[in-house]
Amino acid sequence: MADVLVPDVLVVDSLVRRFGDLTAVDDVSFRIAPGETYGLLGPNGAGKTTTISMIAGLIAADEGTVTVAGEAMTPRTTAPKRHLGLVPQDLAIYPDLTGRENLTLFGRLQGLTGSELKSRVGEVLELIGLADRAKDRSKEYSGGMKRRLNIGIGLLNRPTLLILDEPTVGVDPQSRNAILESVEALAVEGMAVLYTTHYMEEAERLCDRIGIIDTGQLQAEGTRDELIRLTGGVDTIRIGGSGDLSGAAQELRQLPGVERVDIERRSATLTVKDAPALVAQVVGTAASYGVTLSDVEIARPDLESVFLHLTGKALRD
C-alpha cells in the first residue's frame, strides 16, 4: 500500500519584505509538516519578527506567498487565520482579569461560545498548569505564569499551526521547563509549531528542523545533524592516562573515521567523524598498548558553533 502524502501545514515561499531601502526579509522559504516543531533562529534584527508577522497575516509581503493548511494567508484573508495560534513575545493579557476571565474573553473573540467555551477554557487551564490559580488576577501571577497564560490564549482555538515567539524570555527555570514540556506534548499530538528562541538549548531539545536566518536571508536549514555536517563539524575524543600513548597513536590513526591524533604528555586527542561509534575501538586500541586510562571525554559540535560559523555572531548578539 502506497504511503499517503500528508500536506505541509505551513508553506512559506520566496517571502520578501522591504522597509524603504532596507530589505528586512529576502527570499525566505521553508515548510512545516504536521507534528513538526521548526525552529527559526537568528540574532536581533535578522528578520524573524517580520517573517512571523507575514506568516500570521499581520503585514503584507512585497513578494512571495504564505499558505496555512492549504489556504493563502494575507492581511485581508480571514479563513486561514482560524488555523493559527499566535503567541507573541510581548505579553497579550489583561492584568486586571483573572486567568479564567482572560481565556474566556479571548475565547469569545475567537468565536467560542456557551458550553464549548467553558469546556475549552477548563482544558487549557489544566494544560498550562494554572487550574489552581484560575480565579487570581493575572497581575498577581509570576512572570512564568503570565507566559503560560499567554500560550494558553494561543491554544484556545486548537490551532493547526502554533507560532511561539520567544515564549520563555524572562521566566524562572521551573516555568521554563513546564513551557518546554507543553510544547513537546503539542507536537506529539500532531500540532505544527513554529518556534523562535534566543536559547540554543531549547532549539536542541524541541526542534525537529531548524532554519538559521541572518540579514533577512535563510542561511541554512535542516536537522541538527544535517546542519553540523553542512558546516564540516567534527567530533573529538580525548583519552587521558599513563602508558604507551605514542605507540597507541600510530594505530589509532589507522582506524576508519579518525582524521587526526594529537599527543600531549598524558593524553591523546582524536579528531573523528562520529565519536559515539568509535569510542569503544579507541579505548580498546589504547588498552592493547598497555595504556591505563584515567578519563575519556567526547565533545560534539553544537548548534551554537554552527550558528557562529554561518553568521559570524552569537545567537544573542
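FYI, UniProt numbering numbers position 314 of the sequence shown as 314, with every residue one higher than the one before it. Here a beta-carbon is modelled for each residue, glycine too, at the ideal position from N, C-alpha and C.
Cβ-based burial, residue i [other Cβ within 10 Å; buried from 16]
i           : result
E202        : buried
L10         : buried
residue 329 : Missing from the structure shown is residue 329; the chain here goes from 1 to 317 and no further.
T196        : buried
T223        : exposed
G290        : exposed
G216        : buried
K139        : exposed
Q219        : buried
G143        : exposed
V6          : exposed
L278        : buried
G20         : exposed
A79         : exposed
G111        : exposed
Residue i versus residue j - alpha carbon distance
i           : j    : result
T49         : I263 : 48 Å
A61         : V68  : 15 Å
I163        : I179 : 14 Å
G47         : S53  : 10 Å
S288        : T236 : 21 Å
T168        : G99  : 18 Å
residue 337 : S246 : Outside the displayed range of the chain (1 to 317) lies residue 337, so it cannot be described from this structure.
E123        : G154 : 13 Å
M200        : P276 : 22 Å
L125        : S305 : 38 Å
P301        : R76  : 44 Å
M1          : M191 : In this prediction, M1 has a pLDDT of 48, which is less than 50 and means its spatial position is unreliable; what the coordinates show is noted afterwards. In a straight line, the C-alpha of M1 is about 26 Å away from that of M191.
H198        : Y141 : 24 Å
A280        : R229 : 23 Å
E71         : P34  : 15 Å
R108        : P95  : 18 Å
R133        : S175 : 14 Å
G241        : I128 : 50 Å
V261        : L270 : 4 Å
F30         : N177 : 28 Å
E181        : Q250 : 47 Å
Strand pairing of residue i, partner residues [DSSP]
i    : result
Q217 : D214
S175 : Looking at the DSSP assignment, S175 forms no beta bridge with any residue, so it has no partner.
V16  : D26, E63
I32  : L10
E202 : E202 pairs with nothing; no bridge assigned.
D274 : Its beta-bridge partners do not exist; DSSP assigns none.
D90  : Its beta-bridge partners do not exist; DSSP assigns none.
V68  : L10, E71
T49  : Paired residues: none, contrary to the question.
Residue i (DSSP reduced to helix, strand or coil)
i    : result
V188 : helix
M1   : With a pLDDT of 48 at M1, under the threshold of 50, the predicted position of this residue should be treated as unreliable, though the coordinate-derived value follows. Here M1 sits in coil by DSSP.
S142 : coil
L117 : helix
E297 : strand
E304 : helix
I263 : strand
R180 : Contrary to the premise, residue 180 reads as Leu rather than Arg in this sequence. The answer is helix: DSSP assigns L180 an H, G or I state.
D165 : strand
G240 : strand
T104 : helix
R76  : coil
A249 : helix
T269 : strand
V291 : coil
G152 : helix
R158 : coil
T196 : strand
D132 : helix
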